[in-house]
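Number of protein chains: 2
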Amino acid sequence: MHVVNVGDVEFKELEKGDAVGVRVKYLVGEEHGAKNFYLRLYEVDKGGKTPLDRHIYEHEVYIAKGVATLVYEQDGVRKTRVVKEGDTIYIGSNELHQFINIGDDKLVFLCVRGAERIYEKKE
Amino acid sequence: MHVVNVGDVEFKELEKGDAVGVRVKYLVGEEHGAKNFYLRLYEVDKGGKTPLDRHIYEHEVYIAKGVATLVYEQDGVRKTRVVKEGDTIYIGSNELHQFINIGDDKLVFLCVRGAERIYEKKE
Chain P
1055 MHVVNVGDVE
1065 FKELEKGDAV
1075 GVRVKYLVGE
1085 EHGAKNFYLR
1095 LYEVDKGGKT
1105 PLDRHIYEHE
1115 VYIAKGVATL
1125 VYEQDGVRKT
1135 RVVKEGDTIY
1145 IGSNELHQFI
1155 NIGDDKLVFL
1165 CVRGAERIYE
1175 KKE
Chain D
1055 MHVVNVGDVE
1065 FKELEKGDAV
1075 GVRVKYLVGE
1085 EHGAKNFYLR
1095 LYEVDKGGKT
1105 PLDRHIYEHE
1115 VYIAKGVATL
1125 VYEQDGVRKT
1135 RVVKEGDTIY
1145 IGSNELHQFI
1155 NIGDDKLVFL
1165 CVRGAERIYE
1175 KKE
């Protein structure tokens, strides 16, 4: 078992793709014993955005604060929709996604990601 | 992709083991396309408790509101510790766990659980 308070975990700047103004707290990861999925807290500055991303591992996101445009794809066509505090988002394997903070304050969300290992030799 | 606001998901009473006063919102599950891990929101009444539990799948918990006694085991000895708002808890495979609400208000936490399938034929 591992317990840590979110206030005691440092933010790390996210440097990935076209990310702007994104910081991450790695709350539960491999270093705490987790083998199959990891929990992180993201903070995005006003006007900032997470990288436009697509990967094998799934995401499950819970928006704790703020409002964002979520970029996604449907039948190969790029689309957007607004997501806000209290919204829960499931992003499947290889689904395009990006969160753009369109609010006046910070965007804060919890994000679970699968470990690469669980996608090996699985359908 | 699947998006739902937490306010639009109904609570279901948890009837499991010695659970008392526990309700769950199933935010992301198999029914939304998730294959490997699921996200739920738990609410525990003042004086209530989750079941004393132990299972193959891991948990990752984020306490959104309240304060609880967490029952766990260390080297085969049963122990307790206090956990509170902002605490993140990793519970490994087959680790004993129970949350007892010791606060004056409701205890609310997000909880991720692994799907059984990811524990098949893995170390």
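If you read the sequences in order, they're chains P and D.
Going by this note's numbering, the first sequence opens with residue 1055, and the numbers climb by one from there.
Going by this note's numbering, the second sequence opens with residue 1055, and the numbers climb by one from there.
Ideal Cβ positions, reconstructed from N, Cα and C, are used throughout, including at glycine.
Pick from the options that is closest to residue i, judged by C-alpha positions
i         : options                                    : result
D/Glu1149 : D/Arg1094, D/Glu1112, D/Asn1155            : D/Glu1112
P/Lys1160 : P/Gly1087, P/Asn1090, P/Ile1117            : P/Ile1117
P/Gly1083 : D/Cys1165, D/Ile1154, D/Glu1114, D/Val1162 : D/Glu1114
D/Cys1165 : P/Gln1128, P/Val1125, P/Thr1142, P/Gly1120 : P/Thr1142
P/Pro1093 : P/Arg1167, P/Tyr1173, P/Arg1171            : Strictly speaking, residue 1093 of chain P in this sequence is Leu, with Pro absent from that position. Measuring from the Cα of P/Leu1093, the nearest candidate turns out to be P/Arg1167.
P/Gly1061 : P/Arg1135, P/Val1137, P/Ala1073, P/Val1078 : P/Val1078
D/Gly1101 : D/Glu1067, D/Arg1132, D/Thr1134, D/Ile1154 : D/Ile1154
P/Ala1169 : P/Asp1072, P/Glu1067, P/Phe1091            : P/Phe1091
P/Lys1103 : P/Gln1152, P/Gly1146, P/Ile1145            : P/Gln1152
D/Val1137 : D/Asp1099, D/Gly1130, D/Gly1120, D/Gly1087 : D/Gly1120
P/Val1162 : P/Glu1174, P/Tyr1096, P/Thr1123            : P/Tyr1096
P/Arg1171 : P/Glu1067, P/Phe1065, P/Gly1157, P/Lys1089 : P/Lys1089
P/Tyr1173 : P/Val1058, P/Tyr1126, P/Asp1158, P/Gly1146 : P/Gly1146
D/Met1055 : P/Leu1124, P/Lys1070, P/Gly1087, P/Asp1158 : P/Leu1124
D/Ala1122 : D/Ile1156, D/Val1063, D/Val1058, D/Val1076 : D/Ile1156
D/Tyr1144 : D/Gly1071, D/Gly1130, D/Tyr1126, D/Lys1133 : D/Tyr1126
Bridge partner(s) assigned by DSSP for residue i
i         : result
D/Tyr1144 : P/His1056, D/Glu1114
P/Ile1154 : P/Lys1103, P/Thr1123
D/Lys1133 : D/Tyr1126
P/Arg1167 : P/Tyr1092, P/His1113
D/Lys1160 : The partner list for D/Lys1160 (beta bridge, DSSP) is empty, contrary to what the question assumes.
- prompt: Can you list the beta strand (DSSP E) stretches of 3 or more residues lying completely in the stretch 1063 to 1129 of chain P, in chain order?
  reply: 1074 to 1082, 1091 to 1103, 1113 to 1119, 1121 to 1128
field: Inter-stretch contact (C-beta, 8 Å, three-pair minimum) for the stretch 1080 to 1099 of chain P and the stretch 1099 to 1109 of chain D
entry: no
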